[in-house]
Each structure stands twice: as structure tokens, then as C-alpha cells.
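Going by this note's numbering, the first residue of the sequence shown is number 1039, and it counts up by one from there. See below for the structure under consideration.
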Amino acid sequence: RGHVPIEFYISEQWFVKMDELVKPALDAVNNGHITFHPGHWIKTYNHWMENIKDWCVSRQLWWGHQIPVWYHKDDRSKTHVSVEGPIDPENWEQDPDVLDTWASSWLWPMAVHAWPEQDKNLNKFYPTDTLVTGPDIIFFWVARMIITGYEFMNKRPFKDVYFTSILRDEEGQKLSKSLGNSPDPHALFDEYGTDAVRFGIMLMAPQGLDVLFSKTRLNIGRNFMNKLWNACRFIDMNLSNEKNDILDIDKIELDMPDLWILSRLGRTIREYDRQLDRFHFNEAAKVIYDFTWNDLCDWYLEIAKTRFHSDNEMAKDITRNITIKCIRTILCLFHPYAPFITEELWSHFKKTGEPDLIITPWPDHEDSRISDTIEKDMKIVQDVITAIRSVRSRMNVPPSKSSNLLVRCTTGQGTFIQSYEPLLRSLANIDDLSLGPAIEKPPRSATAVVHGMELYIPLGGLVDLMQEKSQMNKRKEKIESLLSGIENKLANENFIDRAPEEIVLRERQKMKDLNDELLKVNTNLKELE
């Protein structure tokens, strides 16, 4: 660290013979009695343990655990070894050396509970469940704690070991105070917020892989905190205290959006817990991020806005109860990542007499609410609305102007879309809706193809038709490029012979779908002539 030459010096030191101590520790990890997360660090662990050398445990420092060896003042060849010391200390002199830092730290799982005394806390908390540490000290600390656990306690010191990612700068060097490349965390907290920094780093930290740290990536965390805060503010503004959280939604017939968000919530809880159990904390962070941002804020709260502006009091009450249920669950799940903001927001939504969020019970799984059918149906509606919005945006249709929508579809598709007409009108700004298999494309209309349905939006002179034609030509070129790639792949005998059958079938289905879409695009281009 000092960047000066190392000066070699011959001296007497204390060593621990290690080769006879490592076998129980090696077996424990390789037999799965102790689990590493991620598992590839076992290879590093085995390398160190299988090539272990005698350990020099003495250091010539002023601080540390002093070596428990005493020399007789009259005859230094006489030694006394014990933790307690000799019964006549006036005749003895203790070795001035102290233990290496790691020779003290390897006792940590036991020493913090008054070991070697058989304290009640030792029996209660040893072994512990999980050790969280960095992979750069696998041998220095983790391996040695496992060795002492089996040597002195005849038990594993912990069940799981989670190795965090190592933060590195954009040039790949480990963040270090000595290198001067480590940002001041307090400055980051002031700029982005404490919870935002923590969550932003977790999102960019895949399990077991190093992270190239960049301040700009913390914006993701800050933006999410703002999104969560504004969502809670919107929900809080629309609460009706005398009706808040009194409906039994299990006994009420709910609309599809309500069933959908409850299904997504149940799936989120299940997947979130699954990722935590696997020690995939970054994946768990993404699960809660995706639900909060994409499902709740982008869709359900947009639907809630239309209900809160309506005269349907029952719909308002149902929406209040469901939004509160969702946000309370989100705050519970998100609390380990963002303890400060979630605790503050919890104070606005907790029931009378409920404890603080930090000691609130973990949300139960609600698998009974999960419905693949509901989610599939809602996905179709979302795709239709997204396509309409995309067309309007691409064609520069003013947001204040509503559009007519014509849909060429099967009778069954028409019945499905008709049942969700209110959603289309409110979320896609649709005025008149016409649909069915006999629908013809009106002149000067923008087109989108979704789930086999052709959506036509008459532009009525509001947009540049040449721009629409240009977009169609670009899509045509893209489809033709994709088709060329698939056709070349399917013409390759090595691919056909070696690829799994399901992959070959998938590529053929892609080619069919793209050819169908190309046919529709060409038809639309012809109609724009």
C-alpha cells in the first residue's frame, strides 16, 4: 500500500500447522453442509484449502490479542501456555507478540458469545444462519472460521455464505480509500438519497459478479424512489378515511383490471421470495421494481385515476382498497432495500395500532389470486392500448384529441375487445369504436397489427401521410431482414440436424408469423398509395 520496497528480515514467529485441520472444513463445503452463494466460489475455496501452508499467526504490533505464551524469567526455556496465564505471574513474562488479525477474527462466530464459556447466547446463536462477506477474503476469514468451528465446536459456524459483488471503478480497479478512487458515501447520500444509493447498487449487482460503479447508474435508484413516493402521494390523496380498508374484496365481484393487479401482486410476492431464498438479491430487486413501476404505476394507477374522477362510489371504494393493499405489500417487500423511505411512507398507510414497518409480519403468499388467464387477457388489452398510443405518438396526433378506432378481427376477438371498451376509451383516448371481420381500412388511416388484429386509426388530415408510409417501409425492411436471417438458418443443414426440435419449430413459426405480418404491411403500403 505504501508503494515502497519490501525489506526482508529473518525472525522467529509462531506458526499453526494447518494441514491436519482442513479436512472437516473441506468436506463441509463440498458435501453441501455449508452452501456458498454463488457456488462457483467453491473452486477458489478448494484451491486454497488443498494447497494450505503452515500459518504464521504472530505479529509485532501494539494492538491485538497477545500470544498466550509465558516465559519463565529465570529460565526462558521454560514456557507456560494458557489463556488464563500462570498462577504465579510475577515469575513469568508474556510473549510480546500479538495474534494476526485473522487469527483473532476466525474466532468471531464463537467469541462474540463469550466462548469458551458456555454462555446461553452461544447455545442459542451458534451456529448462525448466513454469513455475508466479500469473495476477496474467502481464505483469510471464511475458510478459517469454518476450520475453527469444526475444531473447537464440532459444528459448522454458519449454514450459508453469501458473497457480495465487489465494486470497481470504470477502469476495473477495486474501490479503495488507499487508491483514492472510492467516492465519499455521504456525498452520494446527499446527492441521490441513502435508499436510492443502496437500491441503485443492488440493481446493478448481479450475484457473484463485480460491479463497475458509475454515479450515473444511481439515477435509477433515485428515479424509483421518486416514482414510489409520488404513487403513495396519489393514493393517499384519494383515501376516504371512513371507508378505507373495510371492504372484503374476496366477496365482491371485481373487474378484470382489479383481478389482474391482484394476480400480479400474488405472483410478485411468490417470485420475490423465491429470489431471496436463492440469494439472488438483485433479481428480487428487479421483481419489486418491475411490479411497482410497470404494473402498478403505469397501468393500475392510470385506471384508478379514471375511477376516482367518476361518480361510481363502489368502484372508488374497491380501487382504494386494492391500491392500499398493493402499496402496503410493496412497502413491506421493499423495506430491506430502502428502510428509510418505506418506514416514512408506511406511517401514512398503517392501520391503527399496527407496529412500525421494521417489525411488521412479512406478506403471505397469495397464490390463489394468481391467474394465468386474467394476466393473458390483460396483456392483450395492454398491447392494444400500447399500439394505439404508439401510433398516435408516431403520427404526432395531439394528446388532447380523441381518435376513432376500427379493428379488423374475428368475431371472438371483437367480443373480447368490446368487453373492455371502457378501458380503451379512457386509456387510449378513443371516441368511436368499430370492430369485426368485415371492417375495411378507411382511407388515410394509420395502422397497427396486434395479436392478429388490424387496428385502423383515421387520421383525418391531422398527420403527414408520407411519414406513415416511411414507417411502413422501414418495418418492411426490418421484417425482410429478419426473414432473411431465419431462412438462412433453416437452410443450414447443421442447424437442422443439431438444434433441438423445439428450437427448429420455433424458428419456423417465427418465419410464418413474419410472413403474415409482411403480407399485412405490404397490403397497408398499397392502400397508402
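We treat Cβ as the ideally placed atom computed from N, Cα and C, and that holds for glycine.
Closest Cα partner of residue i within the set the options
i     : options                    : result
C1370 : T1344, T1361, P1399        : P1399
I1258 : V1488, G1231, W1153        : G1231
C1447 : I1455, N1560, S1441        : I1455
L1205 : D1198, K1215, V1199        : K1215
R1432 : I1356, M1510, V1042, P1377 : M1510
E1506 : G1070, S1483, D1274        : S1483
N1442 : I1468, E1404, S1049, E1459 : I1468
I1477 : M1191, I1495, L1465, R1463 : I1495
S1301 : D1133, M1416, S1464, V1445 : M1416
P1173 : D1421, P1134, G1077        : G1077
M1352 : F1378, E1518, D1311, L1292 : L1292
E1404 : T1306, E1545, E1382, T1561 : T1306
Distance, residue j Cα to residue i Cα
i     : j     : result
E1531 : T1166 : 56 angstroms
E1280 : G1218 : Model confidence at E1280 stands at a pLDDT of 49, short of 50, so the residue's coordinates are unreliable; what they give is reported in the following sentence. Each residue's alpha carbon lies about 57 angstroms from the other.
M1080 : F1177 : Residue identity check: residue 1080 is Ile in the sequence provided, not Met. Cα-Cα distance, rounded: 11 angstroms.
F1387 : W1337 : 21 angstroms
G1210 : L1250 : 7 angstroms
R1308 : V1042 : 55 angstroms
L1226 : P1295 : 39 angstroms
S1428 : T1082 : 51 angstroms
Y1164 : F1262 : 39 angstroms
F1201 : W1179 : 12 angstroms
Q1547 : E1515 : 19 angstroms
E1189 : D1402 : 41 angstroms
F1053 : W1267 : 57 angstroms
N1159 : S1385 : 34 angstroms
M1148 : M1087 : 22 angstroms
I1290 : L1247 : 47 angstroms
D1288 : D1535 : 53 angstroms
K1197 : H1075 : 11 angstroms
M1275 : S1406 : 31 angstroms
L1471 : E1459 : 8 angstroms
E1208 : K1389 : 46 angstroms
D1349 : S1438 : 22 angstroms
D1410 : G1304 : 12 angstroms
Span of the beta strand (DSSP E) around residue i
i     : result
Y1200 : 1196-1201
D1355 : First-last for D1355: 1351-1372, but that is the alpha helix (DSSP H), not the beta strand (DSSP E).
Y1327 : Not the beta strand (DSSP E): Y1327 falls in the alpha helix (DSSP H), residues 1319-1328.
W1108 : 1107-1110
V1150 : Counting along the chain, V1150 falls outside any beta strand (DSSP E), and DSSP gives it neither H nor E.
W1130 : 1130-1132
D1410 : Looking at the DSSP string, D1410 is not in any beta strand (DSSP E); the run it does join, the alpha helix (DSSP H), is 1410-1432.
T1168 : 1166-1171
H1103 : Element bounds for H1103: n/a, residue is neither H nor E.
S1121 : The residue you asked about is not Ser; residue 1121 is Val in the sequence shown. That residue, V1121, is in no beta strand (DSSP E); it is neither H nor E in DSSP.
Residue i, enclosing alpha helix (DSSP H) - first and last residue
i     : result
Y1230 : 1223-1230
V1445 : Where V1445 is concerned, there is no enclosing alpha helix (DSSP H), although the beta strand (DSSP E) it sits in stretches over 1441-1446.
F1190 : Premise fails: F1190 is in no alpha helix (DSSP H) and is neither H nor E.
H1347 : Where H1347 is concerned, there is no enclosing alpha helix (DSSP H), given that its DSSP letter is neither H nor E.
H1386 : 1377-1387
T1306 : 1294-1315
T1139 : 1139-1143
K1158 : 1158-1163
D1274 : 1256-1275
Close Cβ partners of residue i (< 8 angstroms) along its chain, the five nearest in sequence each way excluded
i     : result
K1111 : N1129, W1130, E1131
H1318 : Q1245
R1194 : A1066, H1071, I1072, P1165, I1184, G1187, Y1188
L1277 : R1358, I1362
Cut-off 7 angstroms between Cβ atoms - residues of its own chain near residue i, not counting five sequence neighbours on either side
i     : result
A1425 : A1486, V1488, L1493
R1513 : V1559
R1182 : W1140, W1144
K1055 : D1092
S1142 : G1102, H1103
I1412 : M1294, L1297, W1298, S1301
I1517 : L1552, E1555, L1556, V1559
Close Cβ partners of residue i (< 6 angstroms) along its chain, the five nearest in sequence each way excluded
i     : result
T1357 : A1342, R1345
L1137 : V1095, G1102, H1103
I1360 : D1296
L1064 : M1087
G1474 : G1452
Closer than 8 angstroms to chain D by CB, residue i
i     : result
S1143 : Protein chains in the displayed structure number just one, and chain D is not present.
Worksheet item: Counting only runs that start and end within the stretch 1481-1555, where is the beta strand (DSSP E) found for 3 or more residues in a row?
Response: 1483-1488, 1491-1496
Fill in: Secondary structure, beta strand (DSSP E): runs of 3+ residues fully inside the stretch 1452-1484
1468-1474
Discussion item. Give the list of continuous beta strand (DSSP E) stretches no shorter than 3 residues that lie fully inside the stretch 1058-1098.
Written reply: 1073-1075
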